[in-house]
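Residue numbers (the working numbering): 14 to 361.
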Amino acid sequence: FSDSFSNTSVAPTWHSDTETNITKPHKCLLILYKDIGDSRVRFWDLLLLVPNVAFFVFLLWKLPSARAKIRVTSSPIFITFYILVFVVAAVGITRAVVSMTVSASSAATIIDKILWEITRFFLLAIELSVIILGLAFGHLESKSSIKRVLAITAVLALAYSITQGTLEILYPDAHLSAEDFNIYGHGGRHFWLASSCFFFLVYSLIVILPKTPLKDRISLPSRKSFYVYAAVLSLLNLVQGLGSALLCAGIIEGLCCVDATTFLYFSVFAPLIYATFLKGFFGSEPKILFSYKSQVDEPEDTDVHLPPTYGVGKKDAYDPSSYSSTQIDSSGGYLDDIASIPYPGTHQ
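This is the structure:
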């Protein structure tokens with residue numbers, strides 16, 4: 014960042030009213046720090062708090078039945094994802110509440126940014142866990158395998174969050190500041206642009222994988238909701254990248270784009286994970302949400318499960334005993350009972 018970013022003069026984020034000769038903040042910047050009356054509570058924090066509280070209450074309401082079903086299946090993947098979703102909702106609430114209660118001092122600003130980074134860490138850890146479990150470790154047989162995946166995602170998410178936090182705290186982007194308050198800028202416009210483009214490419218690649226020759230060589234998730242999930246995040250990162258690019262070009266309207274994507278990501282991402290991967294499991298007709306099948310051009314109602322090491326050309330090597338209860342959902346087949354979930358070593 015250039016030396017001009019070291020002050021809080023924010024020419025790109027403020028516009029001048031030529032008739033009254035008064036400098037006014039842009040409305041998309043104003044919403045990030047504007048207080049509700051004299052309460053010192055920001056509209057932005059309240060907007061993020063409400064959906065997180067609503068989702069957390071929903072999780073508490075579903076907790077008794079969820080615990081009962083988890084106890085029956087003892088599935089490490091479902092337990093892991095359920096805990097992570099709970100943690101994300103709790104951290105989101107904590108961040109919003111603390112931001113509402115602290116003053117506008119520089120120390121309070123740093124605390125607020127640290128809470129943002131903690132929230133981002135958990136969200137990114139879940140993102141990476143879904144990708145790795147879905148594409149690289151689809152056939153897990155033990156809790157130790159799940160732990161290794163979580164360890165990998167935790168390290169990657171931590172590295173990302175530390176980098177972002179360092180840029181945010183030590184080199185704040187003055188283009189994302191207002192008056193005497195330094196707004197959380199997600200590591201600055203340039204870091205925001207780079208990371209958004211990277212994740213857009215990753216999720217776009219996941220969406221098109223079933224249409225590539227790779228579908229004949231590797232086992233891909235057959236559940237359509239997995240690709241819908243990837244498409245949603247791809248679109249979200251695309252819009253966020255465009256907004257960041259506009260900010261880099263000095264076009265303040267780009268802030269409106271990143272405001273919208275930030276709100277959606279930090280308030281809707283956890284419910285999206287729940288709806289995509291856990292809703293069917295906790296529903297009245299549970300699904301095996303973590304199973305795979307080879308990507309074969311067959312009718313959707315055909316239920317074929319293949320082990321991870323075999324491609325299309327090796328169907329004859331299929332062994333039913335290799336099917337695992339921890340695999341990602343095949344084409345949405347329902348089970349009459351949780352207890353009927355097939356486990357390694359069983360044949361149905």
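Each residue gets a CB set at the ideal place from its N, CA and C atoms; glycine is no exception.
Legend entry - Limits of the unbroken alpha helix (DSSP H) element including Pro284: DSSP places Pro284 inside the alpha helix (DSSP H), whose first and last residues are 267 to 286.
Legend entry - Classification of Pro185 by the beta-carbon crowding that lies within 10 angstroms, buried from 16 upward: Per the 10 Å Cβ criterion, buried.
Legend entry - Per-residue DSSP class, three states only, for Asp48: Secondary structure at Asp48: strand, using DSSP grouped into helix, strand and coil.
Legend entry - Within 8 Å, strictly: CB atoms of Val101 and Leu62: Contact: no.
Inset, instruction - Give me the Cβ distance between Glu130 and Gly178, rounded to the nearest whole Å; I'm assuming they're in contact under 8 Å. - result: Approximately 4 Å separates the beta-carbon atoms of Glu130 and Gly178; this is inside 8 Å, confirming the contact.
Inset, instruction - Report the three-state DSSP secondary structure of Ser353 (helix, strand or coil). - result: Low per-residue confidence applies at Ser353: pLDDT is 43, beneath 50, and the placement is therefore not dependable, though the value from the model is reported in the following sentence. Helix, per DSSP.
Legend entry - Beta-carbon spacing of Ser174, Arg133 below 8 Å: Against a cut-off of 8 Å, the Cβ pair of Arg133 and Ser174 comes out as a contact.
Inset, instruction - Pull up the DSSP beta-bridge partners for Arg55, would you. - result: Bridge partners of Arg55: Asp48.
Inset, instruction - Could you tell me whether the segment 73 to 85 touches the segment 253 to 268, using the rule of 3 or more Cβ pairs below 8 Å? - result: No contact exists between the segment 73 to 85 and the segment 253 to 268.
Inset, instruction - Have a look at Tyr242 and Thr289 and give me their C-alpha separation to the nearest angstrom. - result: If you take the alpha carbons of Tyr242 and Thr289, they lie about 7 Å apart.
Legend entry - Endpoints, the alpha helix (DSSP H) within which Ala262 is located: No alpha helix (DSSP H) contains Ala262, which DSSP labels as neither H nor E.
Inset, instruction - Name the two residues that bound the continuous alpha helix (DSSP H) containing Phe212. - result: Start and end: 202 to 221.
Legend entry - Any alpha helix (DSSP H) of 4 or more consecutive residues that is wholly inside the segment 84 to 151: List check, alpha helix (DSSP H) in window: 89 to 114, 119 to 148.
Legend entry - 8 Å Cβ cutoff met for Ile165 and Pro89: No, the pair does not count as a contact, with Cβ atoms beyond the cut-off.
Inset, instruction - Report all residues from its chain with a CB closer than 8 Å to the CB of Ala258; omit the five preceding and five following residues, and keep chain order. - result: Excluding positions up to five away in sequence, the list reads Leu206, Gly267.
Inset, instruction - Output the distance between the C-alpha atoms of Ala79 and Phe99, rounded to the nearest integer angstrom. - result: Going from the Cα of Ala79 to the Cα of Phe99 covers about 12 Å.
Legend entry - Nearest candidate by alpha-carbon position, reference Leu60, set Gly254, Phe91, Phe94, Ile106: It is Ile106 whose Cα lies nearest to the Cα of Leu60.
Legend entry - Proximal residues to Leu251 (C-beta, below 6 Å), its chain only, five neighbours per side dropped: So the qualifying residues of the chain are Phe213.
Legend entry - Contacts around Asp272, its chain only, beta-carbon distance under 6 Å, and the 5 residues preceding and following it disregarded: The answer, listed in chain order, is Cys41.
Inset, instruction - Just mark Arg55 as buried or exposed, buried being the case when its beta carbon has 16 or more other beta carbons within 10 Å. - result: Buried, by the Cβ-count rule.
Inset, instruction - Could you tell me if Gly254 is buried or exposed, where buried requires 16 or more neighbouring beta carbons within 10 angstroms of its beta carbon? - result: Classification of Gly254: buried, given that the 10 Å Cβ count is 16 or more.
Inset, instruction - Kindly indicate the opening and closing residues of the alpha helix (DSSP H) around Leu291. - result: Segment: none, Leu291 is in no alpha helix (DSSP H) and carries neither H nor E.
Legend entry - Distance between beta carbons of Thr93 and Leu163, contact taken as under 8 Å: Leu163 to Thr93, Cβ: 7 Å. Contact.
Inset, instruction - Give the straight-line distance between the Cα atoms of Leu148 and Lys224, rounded to the nearest whole angstrom. - result: Rounded to the nearest angstrom, the two C-alpha atoms are 15 Å apart.
Legend entry - Backbone CA spacing between Lys75 and Tyr240 [nearest angstrom]: If I take the Cα positions, the gap works out to 26 Å.
Inset, instruction - Could you tell me if Ile221 is buried or exposed, where buried requires 16 or more neighbouring beta carbons within 10 angstroms of its beta carbon? - result: Taking every protein chain shown into account, the CB of Ile221 has fewer than 16 other CB atoms within 10 angstroms, so this residue is exposed.
Legend entry - Exposure of Ile96, with buried meaning 16 or more beta-carbon neighbours within 10 Å: Label assigned to Ile96: exposed.
Inset, instruction - Measure the beta-carbon distance from Phe68 to Pro284 and round it to whole angstroms, keeping in mind my assumption that it falls under 8 Å. - result: Indeed, because the Cβ distance is near 5 Å, the residues count as touching under 8 Å.
Inset, instruction - Would you mind working out which of Leu227, Ser232, Leu248 sits nearest Phe211, comparing C-alpha positions? - result: Between Phe211 and the set Leu227, Ser232, Leu248, the nearest pair of CA atoms involves Leu248.
Inset, instruction - Go ahead and pull the three-state DSSP assignment for Pro185. - result: Coil, per DSSP.
Inset, instruction - Assign Leu5 to buried or exposed, taking buried as 16 or more other Cβ atoms, counted over all protein chains shown, within 10 Å of its Cβ. - result: With the chain covering only 14 through 361, there is no way to say anything about residue 5.
Legend entry - Backbone secondary structure at Thr176 - three-state DSSP: Thr176: helix per DSSP, three-state reduction.
Legend entry - Distance CB(Asp51)-CB(Met113) smaller than 8 Å: Contact: no.
Legend entry - Coil, strand or helix - Thr225 by DSSP: Three-state DSSP puts Thr225 in coil, outside helix and strand.
Inset, instruction - Identify, in the order they occur along the chain, each residue of the same chain with its Cβ nearer than 7 Å to the Cβ of Phe282, setting aside the five sequence neighbours on each side. - result: Answer for Phe282: Leu136, listed in chain order.
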